[in-house]
Structure formats: C-alpha cells, structure tokens
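Take a look at the structure below.
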Amino acid sequence: MGRRRRVAEVPDLNGLSVPDAENAVLDAGLLPRQVSQGSDLPCAGRQDGALVCGQDPRPHARLVAGGQVCFWCAPTGDDPPGGGRGGSRLPRGPRPLSPTGSKPF
269 MGRRRRVAEV
279 PDLNGLSVPD
289 AENAVLDAGL
299 LPRQVSQGSD
309 LPCAGRQDGA
319 LVCGQDPRPH
329 ARLVAGGQVC
339 FWCAPTGDDP
349 PGGGRGGSRL
359 PRGPRPLSPT
369 GSKPF
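Under this note's numbering, the first residue of the sequence shown carries the number 269, and numbering increases by one thereafter.
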C-alpha cells in the first residue's frame, strides 16, 4: 500500500571545504550540487581551496532521501574575488576651496 519514504536532514555546510561539504551531504543520504556564485550553473571544477558560504535548502531542513543540496563557495585567501579592483575610479583627495574660503557643498 503506502510506501514510506526515508527522510534526511540537511547538514550545516557553512565554513566547510568543498570535499568536506560533499562528504557531509552524501553521508546524510542526499546529493551534493556545487553551483557557481551568482548563477545556477554547476562549477566546472572542484574548488578544493574554497569554503562553503551558502546553501539551499537551509541547514536542518528535511528532504526526501536522494534530494539535492545546492551550495556555493567563496575562495579562501586575502585577495577578494575579481582582483580587488572595486570602488570608485575618481580620486578622493582634498576638495578645493571656493573663492569665499569655505568648502563647497
């Protein structure tokens, strides 16, 4: 008659390395899916030096065994992604004084 499906709890992956996150998801009876940050496309290669910074579904949620857990990573290291070239291109220096001697608004 009614067949009971096995339910698995989603592990907390935040802060784990990619291989550790994959193993935790597999140990819970679920399927890992690493996605690129900012898109839903699977990553081309494993980023072993990266740490998990987000996941879907949230930790401790319940899924049917064999369900997918998506997670995305942030690279480790001191350099921000993109080479750290963010910010304004305009120089930020002292402002020139107006002819009356007060700073312009």
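Think of the CB as a built atom: it goes at the ideal place given N, C-alpha and C, for glycine as much as any other residue.
Item to complete: Go through its chain and collect everything with a Cβ distance to Gln-323's Cβ below 6 Å, but skip five positions before and after it.
Response: In chain order, Leu-281 and Phe-339 place their CB closer than 6 Å to the CB of Gln-323, counting only its own chain and leaving out the 5 sequence neighbours on each side.
Worksheet item: What does DSSP give as the partner residues of Asp-319 in its beta bridges?
Response: The sequence given here places Leu at residue 319; Asp does not occur at that position. Under DSSP, Leu-319 forms a beta bridge with Ser-285 and Ala-342.
Practice prompt. Compute the Euclidean distance between the alpha carbons of Ala-296 and Pro-327, then round it to the nearest angstrom.
Written response: Straight-line Cα distance between these residues: approximately 12 Å.
Discussion item. Do Val-337 and Leu-298 have their beta-carbon atoms positioned less than 7 Å apart in this structure?
Written reply: Yes, these two residues count as a Cβ contact at 7 Å.
Worksheet item: In three-state DSSP terms, what is Val-293?
Response: The three-state secondary structure of Val-293, taken from DSSP, is helix.
Item to complete: Counting only the same chain and skipping the five closest in sequence on each side, list residues whose C-beta sits under 6 Å from that of Arg-274.
Response: Cβ neighbours of Arg-274 beyond the five flanking positions: Ala-333.
Discussion item. Can you tell me whether Ala-329 is buried or exposed? The criterion is at least 16 other CB atoms within 10 Å of its CB, across all chains shown.
Written reply: Taking a 10 Å sphere around the C-beta of Ala-329, we find fewer than 16 other C-beta atoms and assign the residue as exposed.
Worksheet item: Val-303: which of Glu-277, Pro-279, Gly-335 and Val-286 sits nearest, CA to CA?
Response: Val-303 has its Cα closest to that of Val-286, out of Glu-277, Pro-279, Gly-335 and Val-286.
Worksheet entry | Nearest-angstrom Cβ-Cβ length linking Ala-342 and Ala-318, presumed shorter than 8 Å | That pair is a contact at about 6 Å.
Worksheet item: On the premise that Pro-300 lies in contact with Glu-290, defined as a C-beta separation below 8 Å, what is that separation, rounded to the nearest angstrom?
Response: The Cβ separation is near 4 Å, so the contact holds.
Discussion item. Which same chain residues end up closer than 8 Å to Pro-325 when comparing Cβ atoms and leaving out the 5 residues on each side of it in sequence?
Written reply: If we look at Pro-325 and ignore the five residues flanking it on each side, its Cβ neighbours are Val-278, Leu-331 and Val-337.
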